[in-house]
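Student: Handing you this structure, nothing more for now.
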Amino acid sequence: MKRMVFGWWIGLLVLLLVPVYAHGAGEITLRINDFDRGEPQYGQIYVSAAIQSEYELQKVTAKIDDKEIELPFRDCNYYTDNACYWGDYFPLNGLEQGTKTLTVTAQDALGNTQSVPKSFLYDAPPEVTVAGVTPNHLVQNGKFRAQVQASDALSTPDIVATISLGSQTIETIKAAGSLDREVDLSAYTNRVLTYKVEVYDGRRSPRYTLAYLLYVDPVDRIPVSDVDGRIVDYDGNRILFVSPEGSLRIKQVHNGSESFVYTSPSGLESFHVSDMHLTRTGAILSIGQDYGNIHVWHDGQLIDTGVQTTPGDRGTPTYYLTVQEDGRYAYMHPQNILIDTETGAVTPYSTEVVPLLKKEHGSLHENNGWKAIIQSTVSGRNQIFLESPQGTVTQVTYFNGYSSILELTPFGGLGLIYNGDFYTYAPGDTLPKKITPYSYYDMSFYYADGSWYQSVNGGLFRLNTGMVPPGDYTPPHWSEPNKALTVTDVTYQGLKLSWQPAVDDKSVAEYRVYRDGARLATVSGSTYSYAVTGLSPAASYTFRIEALDAAGNRSPVRPSVTAVTLDVPTGDSTAPVWPENAVLSVRDITYSSVSLAWTPAVDDLGVASYRLYLNGELLQTVSGQVYAYAVTGLNPDTKYTFRITAQDAAGNVSAEGIEAAAVTLSEKPVPESASLSLTAKPGFLDVGSSLDLKIRAEEAVDLYAFLLKLDYDAARFKLTQVWLDSSFGTEKQDALLSTRTASGSAALAGTLLGSRAGHEGDTGLVTLRFTVLQRGSGEFVLAGGASQLADSSGTVSPLGQAVRLTVHAGGADYDGDGRIGLGDLVLIARQTGLRSGEAGFDARYDLNRDGVIDRTDVEYVAGKAAAAG
752 MKRMVFGWWI GLLVLLLVPV YAHGAGEITL RINDFDRGEP QYGQIYVSAA IQSEYELQKV
812 TAKIDDKEIE LPFRDCNYYT DNACYWGDYF PLNGLEQGTK TLTVTAQDAL GNTQSVPKSF
872 LYDAPPEVTV AGVTPNHLVQ NGKFRAQVQA SDALSTPDIV ATISLGSQTI ETIKAAGSLD
932 REVDLSAYTN RVLTYKVEVY DGRRSPRYTL AYLLYVDPVD RIPVSDVDGR IVDYDGNRIL
992 FVSPEGSLRI KQVHNGSESF VYTSPSGLES FHVSDMHLTR TGAILSIGQD YGNIHVWHDG
1052 QLIDTGVQTT PGDRGTPTYY LTVQEDGRYA YMHPQNILID TETGAVTPYS TEVVPLLKKE
1112 HGSLHENNGW KAIIQSTVSG RNQIFLESPQ GTVTQVTYFN GYSSILELTP FGGLGLIYNG
1172 DFYTYAPGDT LPKKITPYSY YDMSFYYADG SWYQSVNGGL FRLNTGMVPP GDYTPPHWSE
1232 PNKALTVTDV TYQGLKLSWQ PAVDDKSVAE YRVYRDGARL ATVSGSTYSY AVTGLSPAAS
1292 YTFRIEALDA AGNRSPVRPS VTAVTLDVPT GDSTAPVWPE NAVLSVRDIT YSSVSLAWTP
1352 AVDDLGVASY RLYLNGELLQ TVSGQVYAYA VTGLNPDTKY TFRITAQDAA GNVSAEGIEA
1412 AAVTLSEKPV PESASLSLTA KPGFLDVGSS LDLKIRAEEA VDLYAFLLKL DYDAARFKLT
1472 QVWLDSSFGT EKQDALLSTR TASGSAALAG TLLGSRAGHE GDTGLVTLRF TVLQRGSGEF
1532 VLAGGASQLA DSSGTVSPLG QAVRLTVHAG GADYDGDGRI GLGDLVLIAR QTGLRSGEAG
1592 FDARYDLNRD GVIDRTDVEY VAGKAAAAG
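The letter at position 54 of the sequence shown is residue 805 when you use our numbering, and the numbering goes up by one with no holes.
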């Protein structure tokens, strides 16, 4: 009896040791997890297999057609299905589209295998081409042509194109494979429509979707540019925008180039539209979620200013950030601080340091002496009032509701919002003028170059508001831009561009030539052709021409042409040859340099390059259009042999080269006196403005060190900063600068470091930054004798005669009546066109100190005269 009981317990124990999922000897259970959910797959699929096995698994593979991959082990789950998981991505490229069978095979340590198949549809999305439309498309003459082509490897796709106004569907067009239909939209003039294209290939949801905006014969909008993203600022030349992936970028409107500023780690929600502004040299923005630090982007660097935006009661920032008209400083209210947009430096605002042109405090805006303020009237309604620089107050709005100020221009013009619509107002108007409906979430407005601009998502438009400030704002243009630019004389490495003269209300000042979007050259307004060299054989290039007038207005349409250079003929075995009288000449011999010049070689298809040899070793390779070269870094009293060979595009090299020899001078020439120049950076000056002076050495020989003594009028100018010019050296790395200052004078000593040769030719030495304290003229004097240059051997050359520079600040009262008015405007306007050095040129009228009295100087006085009434 005891033996029977014992046997029963043994049996029970055996049963308890058997796993929940029992297997026969060597059995493998395999399940492929669902990866397609009944939908077509393309690109790659993630194959995941849940496997149970008695013995250890050695290998798991996945196979489709003749393509096989091995699945790696991932994990085991003993708490749910007691299975182990193997999986990886399976690329579908190279397979024929259609119904496919995926087979997963598992093999254990004893060689047992189990395979499980799963069928799915491999179907890539249709290839779709949408023609004749851009993201922000201008519809002309009320006619829009919908053109869509769609193809698919397995079926003919269905195309559905819709045009709508808000939620109202205007037109629905359906087609299979190809759609081409003209739609009459003349009933929607000056409206913004949505053009949506959807393509289906058997699924319920579309495999392709596109949505663009259509502007139907806009009466009050002129297209300027567009970007892939959302525009947040515009200054007349650059667009600041956020791309779809969340990066902040700057686009140059006139050449299409883009600069990267910042990428938000968490996407668009980290940006505050009100916090992103263009500056003179970059951008200023707040980086953070609900609030963060103000950063400036300058010269490719992002600088944290350390200024934190203050969160309000609801977690939103409570501050106003205004970038000044010249873009150098940003004013922050109510913190009352200035942020330098180039250095990131933060200082308390003081009218004695920087006189602000512009302030924005929500209900109060100030610009160039004008003030716009929102205040309550006797009826209890808040209205907008405008105060002129002379103190005259005018009520602008009489709305029976709340209106807000978008922008106050330097000439007293206003952009404002009321009841969802955008209005403009100019001094003298009876009431604001309604321009266009306004929606904060998809559009913004900007004032630049005397015009109002509107951005809608990624489209930028100039608005026809009728507000025209003083100055020339009419750009040059071509009557037939499609025929304006032509190409002739095409070779395998060059061509000639020719263009028709552009038309301007005054005159064209210059033309800019672009190659593949990058500026190639700038020529005068009287030049109508340009020879392009240095191209590659059998290559395609796109050229554009842009016209500019003296006021800086650029042609809105840039004629373009595409050309392909000739291919180098196969079998070209003819090498370049030298003419019988070809000569390599050596000129301008000094103790350390010479100048080479040579007769051009001749080739049946043209010379591609020249190779220059110094004492038998390759020195340099230059283009086939270059016939001179300066050799530097030579030793004194040394004989050198020079040789040059010519090569064509096929690689054939001239059998013989032309040679010459020369001996450098035995001693370094010591100049009798140093030659220095003192120049001021162009720009308008007034009290509080920054003035940059640069001191340069001209035609220097072995310049190793300098000592400079500068005197100035301390009552008019205050020295605030001195730095070493980058062309001389990098301070504390390969050069040093020491500065001693006293009231009205500065002594500057600089030197290179290490055993090295000095600089040759024109070299910048230092830049001094001053703040203007008083209006009027002041003189800067670089003292003769006390200012000296030294070469690497210690030989000192003093400055013979003092160098003087007179600078005018805020001096536009030419008729002496104590104010800037119409008489002063006439006097400066009559000087327009005179350049420095010409008879009759008076530096007092060159207000921005750029060497020419032009539109910018006159416009500055016009603005002051208008402000003075």
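Think of the CB as a built atom: it goes at the ideal place given N, C-alpha and C, for glycine as much as any other residue.
To the nearest angstrom, report how far apart residue 1529 and residue 1443 are at their CA atoms.
Tutor: Here residue 1529 refers to the residue found at position 778 when the sequence shown is read from its first residue. Here residue 1443 refers to the residue found at position 692 when the sequence shown is read from its first residue. Roughly 14 angstroms between the two C-alpha positions.
Student: Can you tell me whether residue 1615 is buried or exposed, with buried defined as 16 or more other CB within 10 angstroms of its CB?
Tutor: Position 864 of the sequence shown, counting from 1, holds the residue named residue 1615. With 16 or more Cβ atoms within 10 Å of its Cβ, residue 1615 is classed as buried.
Student: Are the CB atoms of residue 914 and residue 926 nearer to each other than 9 angstroms?
Tutor: By 1-based counting over the sequence shown, the position of residue 914 is 163. By 1-based counting over the sequence shown, the position of residue 926 is 175. Cβ atoms of residue 914 and residue 926: not closer than 9 angstroms.
Student: Taking the beta carbon of residue 1467 as the centre, do at least 16 other beta carbons fall within 10 Å, making it buried, or is it exposed?
Tutor: Locating residue 1467 in the sequence shown gives position 716, counting from the first residue. That one is buried.
Student: Between residue 1550 and residue 1560, is the Cβ-Cβ spacing less than 9 angstroms?
Tutor: Here residue 1550 corresponds to residue number 799 of the sequence shown, with the count starting at 1. Here residue 1560 corresponds to residue number 809 of the sequence shown, with the count starting at 1. Contact: no.
Student: For residue 838, which residues in the same chain have their Cβ closer than 7 angstroms to its Cβ, ignoring the five residues on either side in sequence?
Tutor: Along the sequence shown, read from residue 1 onward, the residue named residue 838 stands at position 87. 797, 798, 799, 800, 822 and 825.
Student: Cutting at 6 angstroms between CB atoms, please list the residues of its own chain near residue 1273, excluding the five before and the five after it.
Tutor: Walking along the sequence shown from the start, residue 1273 turns up at place 522. So the list reads 1261 and 1263, once near-sequence residues are dropped.
Student: The beta strand (DSSP E) with residue 979 in it runs from where to where?
Tutor: By one-based count along the sequence shown, residue 979 stands at place 228. Unbroken run through residue 979: none, as it is neither H nor E.
Student: Give every residue of the same chain whose Cβ lies closer than 8 angstroms to the Cβ of residue 1258, excluding the five residues on either side of it in the sequence, and list them in chain order.
Tutor: Along the sequence shown, one-based indexing puts residue 1258 at 507. Within the same chain, residue 1258 has close Cβ partners 1276, 1300 and 1301.
Student: Please specify which runs of the beta strand (DSSP E), each continuous and at least 3 residues long, are wholly inside the segment 1266-1346, giving them in chain order.
Tutor: If we require 3 residues or more, the beta strand (DSSP E) runs fully inside the segment 1266-1346 come out as 1269-1275, 1280-1283, 1291-1300, 1311-1315 and 1335-1338.
Student: Only counting the same chain, and skipping five residues up and downstream in sequence, which positions put a Cβ closer than 6 angstroms to that of residue 1319?
Tutor: The sequence position of residue 1319 within the sequence shown is 568, counting from 1. 1243, 1288, 1400 and 1401.
Student: Contact defined as beta carbons within less than 8 angstroms: I believe residue 1586 pairs with residue 1612. What is the distance between those atoms, to the nearest angstrom?
Tutor: Counting from 1 along the sequence shown, the entry for residue 1586 is found at position 835. Counting from 1 along the sequence shown, the entry for residue 1612 is found at position 861. 18 angstroms between Cβ atoms; not a contact.
Student: Tell me which residue opens and which closes the alpha helix (DSSP H) that residue 1575 is part of.
Tutor: Within the sequence shown, residue 1575 is the residue found at index 824, counting from 1. Start and end: 1573-1580.
Student: According to DSSP, residue 1604 sits in a beta bridge with which residue or residues?
Tutor: What you label residue 1604 is simply residue 853 of the sequence shown in a count that begins at 1. Per DSSP, none; premise fails for residue 1604.
Student: Rounded to the nearest angstrom, how far is the Cβ of residue 855 from that of residue 781, given a contact under 8 angstroms?
Tutor: In the sequence shown, counting from the first residue as 1, residue 855 sits at position 104. In the sequence shown, counting from the first residue as 1, residue 781 sits at position 30. Correct: roughly 6 angstroms between the Cβ atoms.
Student: Contact check, residue 1391 vs residue 1412 under 8 angstroms by CB: the rounded distance?
Tutor: The residue labelled residue 1391 in the question sits at position 640 within the sequence shown. The residue labelled residue 1412 in the question sits at position 661 within the sequence shown. About 7 angstroms; that satisfies the 8 angstroms criterion.
Student: Nearest-angstrom Cα distance between residue 1343 and residue 1386?
Tutor: Counted from its first residue, the sequence shown places residue 1343 at position 592. Counted from its first residue, the sequence shown places residue 1386 at position 635. Cα to Cα, the separation comes out at about 5 angstroms.
Student: Quick check: what's the CA-CA separation for residue 974 versus residue 982?
Tutor: Looking up residue 974 in the sequence shown gives position 223. Looking up residue 982 in the sequence shown gives position 231. Computed Cα separation, rounded: 14 angstroms.
Student: List the endpoints of the continuous beta strand (DSSP E) containing residue 1455.
Tutor: Mapped onto the sequence shown, residue 1455 falls at position 704. Here the beta strand (DSSP E) through residue 1455 covers 1441-1463.
Student: Check this for me: beta carbons of residue 1531 and residue 1555, under 9 angstroms apart or not?
Tutor: For the purposes of this step, residue 1531 is taken as the residue at position 780 of the sequence shown. For the purposes of this step, residue 1555 is taken as the residue at position 804 of the sequence shown. In contact: residue 1531 and residue 1555 (Cβ atoms closer than 9 angstroms).
Student: Applying the 10 Å Cβ sphere with the 16-neighbour rule, what's the burial state of residue 1064?
Tutor: As a working mapping, residue 1064 is identified with position 313 in the sequence shown. The predicted model places residue 1064 with a pLDDT of 46, which falls under 50 and marks its position as unreliable; any figure quoted below should be read in that light. Residue 1064 should be labelled exposed.
Student: If residue 873 sits next to residue 848, beta carbons under 8 angstroms apart, how far is it from one beta carbon to the other, in whole angstroms?
Tutor: Indexing the sequence shown from 1 puts residue 873 at position 122. Indexing the sequence shown from 1 puts residue 848 at position 97. Contact holds; Cβ gap of about 5 angstroms.
Student: Please give me, in chain order, every unbroken run of the alpha helix (DSSP H) with length at least 4 that falls completely inside the segment 938-969.
Tutor: Runs of the alpha helix (DSSP H) inside the segment 938-969: none found.
Student: Could you name the residues of the same chain whose beta carbon sits closer than 6 angstroms to that of residue 1376, not counting the 5 residues immediately before and after it, in chain order?
Tutor: Locating residue 1376 in the sequence shown gives position 625, where the first residue counts as 1. These residues qualify, in order along the chain: 1284.
Student: If you reduce the DSSP assignment to three classes, tell me which class residue 1183 lands in.
Tutor: Against the sequence shown, residue 1183 aligns to sequence position 432. In the structure shown, residue 1183 sits in coil (DSSP, three-state: anything other than H, G, I, E or B).
Student: Residues in the same chain with beta-carbon distance under 7 angstroms from residue 1127, minus the five sequence neighbours each way, listed in chain order, please.
Tutor: Position 376 of the sequence shown, counted from the start, is the residue given in the question as residue 1127. Once the five neighbours on either side are set aside, the close Cβ partners of residue 1127 are 1133.
Student: DSSP three-state label for residue 1132, please.
Tutor: Residue 1132 sits at position 381 when you count from the first residue of the sequence shown. Residue state, collapsed to three classes: coil.
Student: What three-state label does DSSP hand residue 1611 in the structure shown?
Tutor: The count along the sequence shown starts at 1 and reaches residue 1611 at position 860. In this structure, residue 1611 counts as helix in the three-state DSSP scheme.
Student: Between which residues of its own chain and residue 1198 is the CB-CB distance below 8 angstroms, once the five residues before and five after are set aside?
Tutor: Position 447 of the sequence shown, counted from the first residue, corresponds to residue 1198. Closer than 8 angstroms at the Cβ level, and outside the excluded window around residue 1198, lie 1158, 1160, 1164, 1166 and 1204.
Student: Which residues in the same chain have their Cβ closer than 6 angstroms to the Cβ of residue 1334, if we skip the five residues on either side of it in sequence?
Tutor: Locating residue 1334 in the sequence shown gives position 583, where the first residue counts as 1. These residues qualify, in order along the chain: 1350.
Student: Between residue 1570 and residue 1563, what straight-line distance do the alpha-carbon atoms span, to the nearest angstrom?
Tutor: The sequence position of residue 1570 within the sequence shown is 819, counting from 1. The sequence position of residue 1563 within the sequence shown is 812, counting from 1. About 9 angstroms.
Student: Taking C-alpha atoms, which residue in 1435, 1291, 1253 and 1339 lies nearest to residue 1266?
Tutor: Residue numbering aside, residue 1266 sits at position 515 when the sequence shown is read from its first letter. The residue with the shortest Cα to Cα distance from residue 1266 is 1291.
Student: Determine the closest residue to residue 1598 out of 1431, 1472 and 1458, with distance taken between C-alpha atoms.
Tutor: Translated into the one-based positions of the sequence shown, residue 1598 becomes position 847. Ranking 1431, 1472 and 1458 by Cα distance to residue 1598 puts 1431 first.
Student: Nearest to residue 1362 by CA position, among 1355, 832, 1409 and 1340, is which residue?
Tutor: Position 611 of the sequence shown holds residue 1362. The candidate whose alpha carbon is nearest that of residue 1362 is 1409.
Student: From 1553, 1461 and 1455, pick the residue whose C-alpha is nearest to that of residue 1506; which is it?
Tutor: Taking the first residue of the sequence shown as position 1, residue 1506 is located at position 755. The residue with the shortest Cα to Cα distance from residue 1506 is 1455.
Student: What three-state label does DSSP hand residue 1362 in the structure shown?
Tutor: Looking up residue 1362 in the sequence shown gives position 611. Three-state DSSP puts residue 1362 in a strand.
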